[in-house]
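Below is one structure; the comments refer to it alone.
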Amino acid sequence: MTEPLILAVPKGRILDEALPLLARVGIIPEPDFSNESSRALRFKTNTPAIDLIRVRAFDVATFVAHGAAQLGIVGSDVLAEFDYSELYAPVDLGIGHCRISVAEPADLAVKDDPRGWSHVRVATKYPHITRAHFEARGVQAECIKLNGAMELAPVLDLAPRIVDLVSSGRTLKENGLVEVEVIAEVSSRLVVNRAAFKTRATDVVPLVDKFRKAVAA
């Protein structure tokens with residue numbers, strides 16, 4: 001019997017948008033998936049051919065790139081940060097829209113002009129994207145890696161600026177920060193392990209096509 005395909009999905013906001021899309025594709029998780037008190041991480045679906053795993057957004061790319069999962073749903077921000085050669089991203093799912101932006105305290109932004117920067121100190125969970133963005137402009141970026149609570153960095157003098165995901169901008173505003181530069185627009189993609197795309201083509205290719213049709217619909 002063929003092992004089920006494993007589809008890695010991210011916890012949090014993207015998952016809320018992904019579930020209706022999965023339903024259109026014909027993938028319905030078992031009831032325990034919606035049980036917030038459940039500690040399970042791997043779930044059956046209505047089709048024996050597909051299991052779901054629910055992991056952190058940044059870990060989806062790692063699970064799929066290393067073949068622990070064959071497919072996944074992940075933001076283009078994560079793909080750009082890790083740049084795994086083992087990943088193929090055939091479908092923009094049109095969900096999880098946000099942007100990666102540079103932000104700083106509002107009182108600094110009043111007198112600050114990003115065009116005049118030659119060196120920046122930035123707190124971010126995206127050091128690769130951040131350095132590449134600033135290097136392209138001839139700006140040296142000193143990146144301090146954080147995995148969360150980014151908005152605290154300027155308040156506590158860890159770094160005067162941050163690079164982070166922004167959706168509504170409400171969290172920035174509540175912490176006295178403003179966007180001064182957008183680095184990239186972000187949306188979620190269907191990713192496939194390149195080796196699995198070849199070795200399990202009869203299973204993977206039709207599923208990719210279903211996602212493509214669900215997005216187009």
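All the letters of the sequence shown, read from the start, carry residue numbers 1 to 217 under the UniProt record's numbering. Note that beta-carbon positions come from the ideal geometry of N, C-alpha and C, so glycine has one too. Since this is a predicted model, take the numbers as computed values, not measurements.
- request: Can you check the UniProt domain "ATP phosphoribosyltransferase catalytic" (56 to 211) for any beta strand (DSSP E) of at least 3 residues that lies completely inside it and give the ranges in chain order?
  value: 71 to 75, 87 to 92, 98 to 105, 119 to 124, 140 to 145, 161 to 166, 177 to 186 and 188 to 193
My assumption, with CB atoms under 8 Å, is that residue 131 sits in contact with residue 141. Please give the rounded CB distance. Against the sequence shown, residue 131 aligns to sequence position 131. Against the sequence shown, residue 141 aligns to sequence position 141. That belief holds up - the Cβ atoms of residue 131 and residue 141 are roughly 5 Å apart, short of 8 Å.
The beta strand (DSSP E) enclosing residue 49, as first and last residue numbers: The count along the sequence shown starts at 1 and reaches residue 49 at position 49. Neither: residue 49 is in no beta strand (DSSP E) and is coded neither H nor E.
| Is residue 29 buried or exposed, if buried means 16 or more other CB atoms sit within 10 Å of its CB? | Locating residue 29 in the sequence shown gives position 29, counting from the first residue. Buried, by the Cβ-count rule.
task: In the DSSP assignment, find the unbroken beta strand (DSSP E) run with residue 10 in it and report its ends.
output: In the sequence shown, residue 10 corresponds to position 10, counting from 1. Segment 5 to 10, the beta strand (DSSP E) holding residue 10.
N- and C-terminal bounds of the alpha helix (DSSP H) containing residue 22:
Here residue 22 corresponds to residue number 22 of the sequence shown, with the count starting at 1. Per DSSP, residue 22 belongs to the alpha helix (DSSP H) from 13 to 25.
**Prompt:** Are there 16 or more other CB atoms within 10 angstroms of the CB of residue 12, so buried, or fewer, so exposed?
**Reply:** Residue mapping note: residue 12 aligns to position 12 of the sequence shown, counting from 1. Per the 10 Å Cβ criterion, exposed.
* Asked: Taking three-plus beta-carbon pairs below 8 Å as touching, is the segment 52 to 65 in contact with the segment 161 to 181?
  -> no
Integer Cβ distance of residue 190 from residue 93, believed to fall under 8 Å:
For the purposes of this step, residue 190 is identified with residue 190 of the sequence shown, where counting begins at 1. For the purposes of this step, residue 93 is identified with residue 93 of the sequence shown, where counting begins at 1. 6 Å between Cβ atoms; contact.
Residue from 75, 49 and 51 whose Cα sits closest to the Cα of residue 167
As a position in the sequence shown, residue 167 is number 167, starting the count at 1. When each option's Cα is compared against that of residue 167, the closest is 75.
Item to complete: Take residue 154 and list the residues in its own chain whose beta-carbon comes closer than 6 Å to its own, dropping the five residues that flank it on each side.
Response: In the sequence shown, the residue the question calls residue 154 occupies position 154. Here the set comprises 105 and 160.
| query | Hey, residue 196 and residue 205: beta-carbon distance below 8 Å or not? | reply | Here the question's residue 196 lines up with position 196 in the sequence shown. Here the question's residue 205 lines up with position 205 in the sequence shown. For residue 196 and residue 205, no; Cβs fall outside 8 Å.
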